[in-house]
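Heads up: the structure comes next, in structure tokens.
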Amino acid sequence: MYINIVYRHLFLLLCLSCVLCQRSPLQVEKDTAVYQLLSRYHSHAQLKELLTQWSGNYSKIAQLFSIGESNTGKELFVMRLTSPLNSKDDEEHDEVQLLRPKFKWIANMHGDETVGREMMIGLIYYLLLNSKSDPRVNRLLSTTDIYIMPTMNPDGFEKSTEGSCNTFGLFGRGNLLDVDLNRDFPSQYQPLKRKPDGTIGDLFYGRQRETVAVMKWILKENFVLSANLHGGALVASYPYDETMEHRFNTYGESPDDSLFRFLALAYASKHLTMPKGQACGENFPEGITNGAKWYDVTGGMQDFNYIHSNAFEITIELSCCKYLSSQNGGLEKEWDNNREALLNYMEMSHLGIKGFIRDSHARTAISGALIQIEGILHPVRSVLSGAYWRLLLPELNQQYPNITSIYSIGKSVEKRDLWVIIISDQPLVHEAGEPEVRYVGNIHGDESVGRECLIRFIEYLCVNYRKNDYVTKLIDNIRIHIMPTMNPDGFEYEYKQANHATGGGRVNANHIDLNENFPQIELEPSSGKDEVAPKKEYNNNENNLDKFIKKQNQFQPEVQAAIHWSLTYPFVLSGNLHGGALLASYPFNNRAKGVASGESKSPDDSTLKMLAKAYSQAHTKMFKGDSCIIFHDGITNSAAWKVIEGGMQDWSYVFTSDMEITIDIGCEKYPNENDLQNHWNDNKGALLAFITQVVHGLRGFVFDLQTKAPVSGAVIHVHGINHNVATYRDGDFFRLLSPGKYDITVERLGYESETRANIFVTDQSSTYIEFKLKRVIINEDDKISSTGFYNKLRAITQHSTFRFISMMIISIVALSTVMLGMITLYLRFRPQRYQLLAQDEDNALLSQRAKRHKTVKNTHAMPSDSEDGDEDEILFTSNSNTPMIA
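In mature numbering (1 follows the signal peptide of the UniProt record, and there is no 0), the protein residues as written are -21 to -1, 1 to 865.
Pasting the structure below:
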């Protein structure tokens, strides 16, 4: 027992030593040095002395200079940090140096907001101390050109009083002349100032010395990313800071709103207390806010950076107390709160794209070239060297790896990938009992509205997961597949055209209309009913690829890929987005032979009407039915509008278990970019509402009665409806139905069929039902036949020739196994000649994720911009089992 106690103490000491050794003595010593530096505030003279000393001691990576003076002649110091610090001539010929993004910090714009000033002093010292020993700091300095201005308002700082948390009026806040420098920059909504003679002055006329110095610096240096440090609150705010109407509580949305929210969250999420969002008597979800939404600021520096330069700037409020007391370790605590956030935000300088723009023949640099990102109305310009930087959001799949997965279903004629993104709480696997739905856009290349709306819809779902209950329930309980473009070649052709009226991009690169290239289906009237049905040879119970592979040369590559995709995944519901009209149309698109007009009703006509109305009525305009072409309720049977043979909608309905409708979401096929936001606003709610239609009808499982194993490929037949669906590999099925009372029969080869009568389907939820099929018992004749076959087989196996051949085969297999084992051992234990590739690690992680249940913690989620918070409701309920969504 004594020995056990000793071992326990040794084990505890070992664990404790491991914890304490997480930070090396050198690291602790350097942190202590920063804490000592932040034990008090530094006057302007002391600041100058420190910066001068550091620039001398670290001359290879640090450069001190001044961009101007305050009204009392105090210099506006800037410390530049980068490694190595080359001469100007060397930089002009060094492409690596030319492509380093320039980052800046500006603090103490308001003289009485002092915490940021000291954080910048601490940051400079921390970067210098760790420039060689810390790999992260070394990487940051060697890849980024960092500029730090500890104080923009030294005069205001000298007037302020330590310990004053809230200073009313402009005392200390403004500069020497009591001017608020964050109201002194040009406003995008107000004219420039006039001179006494009535003429309009330039951009700098009538502004403070500090403001002019910073403006000229910004316009000269071509910064990529920036932050402005304030005090008096605890939040990261982003542009715009003002709106045209200057109304209270109005969101100032910039063209890069999503990117700015991401940048603000990059800082707030790494701060120790900011992401809680509740400090200083205010509530900011996740610790971020839009500037104008918080309060309107005219003439702010943040907006000036974005509008007049290439720089993206946010404003960061660091503490509730503006001039925090340095007693009792106040500044040291703030350093701990902010250190990781400061480093993380600087690393955001490398988001997006960068490169050079040069003359294609002379290879000389082209400066002032506009770099325009499609769909974002904010260009940046190339600099004198031809270099450019454009911050962009990381791919959504990288931002939200726990709920997204991307894959390509094939390639277009011109070898462009046909990308699909999955959005689900477990995107890598089909969860038994969870329906799969899809949206397909841009099957006609010139119909771009659906493509753009689906891109925004993907972002909307990801951003609002865990923020909006309605969206979260969808993602947790439905596996959503979205293909923004099925015809990328056609879209690329159309995108390059000056005039989009001709519609040359409608077809693919082989000049084929993809929505007329799917296998054609022959229809015939159903006896005694006002509907048509496919002929018997068109059977969705035999939905294998063989019948299509034999004829694949008839289909375009995009169509072949879509067919394979449709038969691989168990889609329940689909929406195919088009343009040029405003309506939702449903099968059939084709007619039976000899029928010249009227509707071409499918066996599921009432259910398909329900699905079409679900989209139409959730759309802001479609339900009226009076846009472009008049359709009652904004829906129509497809053939009653126009006949199409070889359409994807009809093929999906006939050959799979998928209910698909076609949705034309705008009268203009290729509208102006300025109108895309309106189209998104019109369709956002409808895109959500349509997905939730998977709750209507029946859902359940089919099991083997004896073994309890799931039965795949079982046919689910609704009496009176000449259209069946089948169970998937886990025995799960979904049968969309309009409200009513139904009799259901399940059949599977080798099993006795089972029928359930009077199954009620409501308009509120899906009805859960399980079927347990009994295996078919073999009769006596079959037993005799099988016994005779067994006796013959036994006679063959007892023959001497058979035994000899069997022994030879066994010997060969055994020898091969031994040799393979020896080779495997040799390869495993020999010295490795290569390292594991990054993509190998990623694939291993993906494989692990596919095998386990994930706990989703989305650190990049952003506040919802929707107004759908009051739409939360029970999406699935059941009288027979627990709800899919609680």
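Backbone N, C-alpha and C fix where the C-beta goes; we use that ideal spot for every residue, glycine too.
Where the alpha helix (DSSP H) containing residue i begins and where it ends
{"i": "Y449", "result": "448 to 456"}
{"i": "E471", "result": "467 to 474"}
{"i": "Q499", "result": "Taken as a continuous stretch (DSSP letters only), Q499 belongs to no alpha helix (DSSP H), as it is neither H nor E."}
{"i": "S34", "result": "23 to 36"}
{"i": "I542", "result": "536 to 547"}
{"i": "Y367", "result": "Here Y367 belongs to no alpha helix (DSSP H); instead the beta strand (DSSP E) covers 366 to 369."}
{"i": "I437", "result": "428 to 443"}
{"i": "F237", "result": "Per the sequence presented here, residue 237 reads as Ser, with Phe not at that position. Residues 236 to 247."}
{"i": "V75", "result": "74 to 77"}
Sequence-distant residues of its chain with Cβ nearer than 8 Å to residue i (five each side left out)
{"i": "Q306", "result": "none"}
{"i": "Q187", "result": "N50, N154, L156, V158, L160, D163"}
{"i": "F534", "result": "N496, F497, P498, F527, I542"}
{"i": "H357", "result": "S233, P234, D235, Y285"}
{"i": "K588", "result": "Y565, I614, S717"}
{"i": "L119", "result": "L106, I125, L322, M325, E326"}
Paired residues, beta bridge with residue i - DSSP
{"i": "Y747", "result": "R678"}
{"i": "H460", "result": "I401, R417"}
{"i": "N207", "result": "I85, T294"}
{"i": "F56", "result": "S45"}
{"i": "I738", "result": "Y721"}
{"i": "D689", "result": "According to the sequence provided, residue 689 is Pro. The question's Asp does not apply to it. Paired residue(s): F682."}
{"i": "A668", "result": "Per DSSP, none; premise fails for A668."}
{"i": "L322", "result": "Paired residue(s): none; L322 is not in a bridge."}
{"i": "K195", "result": "K195 is not bridged to any residue."}
{"i": "S384", "result": "I401"}
Contact check, residue i vs residue j, beta carbons under 8 Å
{"i": "W630", "j": "S564", "result": "no"}
{"i": "W273", "j": "S233", "result": "no"}
{"i": "K83", "j": "Y14", "result": "no"}
{"i": "E92", "j": "G210", "result": "yes"}
{"i": "N569", "j": "A618", "result": "yes"}
{"i": "F202", "j": "K81", "result": "yes"}
{"i": "I457", "j": "E495", "result": "no"}
{"i": "H490", "j": "D425", "result": "no"}
{"i": "L310", "j": "L17", "result": "yes"}
{"i": "residue 871", "j": "L251", "result": "Residue 871 lies beyond the residue range present for the chain, which begins at -21 and ends at 865; the question has no answer from this structure."}
{"i": "V697", "j": "P689", "result": "no"}
{"i": "A736", "j": "F669", "result": "no"}
{"i": "I103", "j": "A206", "result": "no"}
{"i": "L407", "j": "S387", "result": "no"}
{"i": "K580", "j": "D661", "result": "no"}
{"i": "D220", "j": "Q169", "result": "no"}
{"i": "L433", "j": "L556", "result": "yes"}
{"i": "L677", "j": "S745", "result": "yes"}
{"i": "I336", "j": "Y367", "result": "yes"}
{"i": "F739", "j": "K720", "result": "yes"}
{"i": "V94", "j": "S298", "result": "yes"}
Close Cβ partners of residue i (< 6 Å) along its chain, the five nearest in sequence each way excluded
{"i": "D637", "result": "F550, S553, S631"}
{"i": "R59", "result": "Q42, Y126"}
{"i": "E431", "result": "L655"}
{"i": "G177", "result": "none"}
{"i": "A571", "result": "L502, E503, P504, V511"}
{"i": "W544", "result": "I388"}
Own chain partners of residue i with C-beta closer than 7 Å, once the 5 adjacent residues on each side are dropped
{"i": "S826", "result": "Residue confidence for S826 is low, a pLDDT of 38 falling below 50, so the modelled location carries little weight; the figure read from the coordinates is stated next. Counting only Cβ-Cβ distances below 7 Å, and skipping sequence neighbours, we find nothing."}
{"i": "P133", "result": "H23, S49, K53"}
{"i": "H611", "result": "G604"}
{"i": "Y(-15)", "result": "Because the pLDDT of Y(-15) is 43, which lies under 50, any placement of that residue in the model is unreliable, and the number read from its coordinates should be weighed accordingly. Around Y(-15): no qualifying Cβ."}
{"i": "T641", "result": "N555, H557, S564, S617, Q628"}
{"i": "K172", "result": "G180, Y184, G185"}
{"i": "V362", "result": "N201, S346"}
Where the beta strand (DSSP E) through residue i begins and ends
{"i": "K174", "result": "Run containing K174: none; DSSP gives neither H nor E here."}
{"i": "L155", "result": "No beta strand (DSSP E) contains L155, which DSSP labels as neither H nor E."}
{"i": "T641", "result": "638 to 645"}
Closer than 7 Å: residue i CB and nearest the ligand FMN heavy atom
{"i": "E48", "result": "Questions concerning the ligand FMN fall outside what the structure shown contains, since it holds no ligand whatsoever."}
Complete beta strand (DSSP E) runs within the segment 258 to 301 (minimum length 3 residues, chain order): 267 to 269, 291 to 296
Length-filtered (4 minimum) alpha helix (DSSP H) runs lying within the segment 556 to 627: 584 to 597, 617 to 620
Complete runs of the beta strand (DSSP E) confined to the segment 90 to 135 [at least 3 residues]: 124 to 128
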